[in-house]
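Residue numbers for the sequence shown follow the numbering used here, so the first one is 668 and each next one is one higher.
Here a beta-carbon is modelled for each residue, glycine too, at the ideal position from N, C-alpha and C.
Each remark here refers to the structure printed beneath this line.
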Amino acid sequence: MDLFADAEPWQEPLAAGAVILHRFAFNAAEQLIRDINDVASQSPFRQMVTPGGYTMSVAMTNCGRLGWTTHRQGYLYSPIDPQTNKPWARHAAEFS
Numbered sequence: 668m669d670l671f672a673d674a675e676p677w678q679e680p681l682a683a684g685a686v687i688l689h690r691f692a693f694n695a696a697e698q699l700i701r702d703i704n705d706v707a708s709q710s711p712f713r714q715m716v717t718p719g720g721y722t723m724s725v726a727m728t729n730c731g732r733l734g735w736t737t738h739r740q741g742y743l744y745s746p747i748d749p750q751t752n753k754p755w756a757r758h759a760a761e762f763s
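Structure, rendered in structure tokens:
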């Protein structure tokens with residue numbers, strides 16, 4: 668029994684300019700998972716290291732023209748994945 672099968676998408680305002688979009692992506696969930704797996708196959712999830720030498724607790728990847736990454740001198744947006752030395756994976760239309 669799915670308790671949420673009939674639930675409609677709804678918005679929960681948090682603060683000025685911040686909103687949770689409940690069930691907003693529900694109908695696209697399977698395609699979104701495929702797209703995320705495609706991105707991760709090209710630029711795998713990794714735990715980046717801060718300029719201070721600490722490993723971040725979150726694993727992340729990027730896609731699109733620029734990806735957020737870390738470097739010994741700081742944080743930056745880069746067109747190249749430093750782990751693969753290739754451009755980041757394409758930005759899927761479903762992410763927009």
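CA-to-CA distance, residue j to residue i, given in whole angstroms
i: Trp735; j: Tyr744; result: 4 angstroms
i: Asn704; j: Ser710; result: 10 angstroms
i: Thr722; j: Phe712; result: 13 angstroms
i: Val716; j: Arg732; result: 22 angstroms
i: Gly720; j: Ser708; result: 26 angstroms
i: Asn752; j: Tyr742; result: 17 angstroms
i: Val706; j: Thr728; result: 8 angstroms
i: Thr737; j: Leu670; result: 42 angstroms
Rounded Cβ spacing between residue i and residue j (contact assumed at less than 8 angstroms)
i: Cys730; j: Ala695; result: With a Cβ gap of about 16 angstroms, Cys730 and Ala695 do not count as contacting.
i: Phe691; j: Pro676; result: 5 angstroms
i: Gln740; j: Pro718; result: 6 angstroms
i: Asp702; j: Ala759; result: 4 angstroms
i: Val686; j: Gln678; result: 5 angstroms
Sheet register partners of residue i (DSSP bridge)
i: Glu679; result: Ile687
i: Met715; result: None; Met715 has no bridge partner.
i: Met727; result: Arg713
i: Phe734; result: One detail in the question is off: residue 734 reads as Gly in this sequence, not Phe. Ser745.
Within-9 angstroms CB hit, residue i to chain D
i: Trp735; result: Protein chains in the displayed structure number just one, and chain D is not present.
DSSP three-state assignment for residue i, whether helix, strand or coil
i: Asp748; result: strand
i: Gly756; result: Reading off the sequence, residue 756 comes out as Ala, not Gly. Ala756 falls in the strand class under three-state DSSP.
i: Val706; result: helix
i: Phe743; result: First, the amino acid is wrong: residue 743 is Leu here, not Phe. In the structure shown, Leu743 sits in a strand (DSSP, three-state: E or B).
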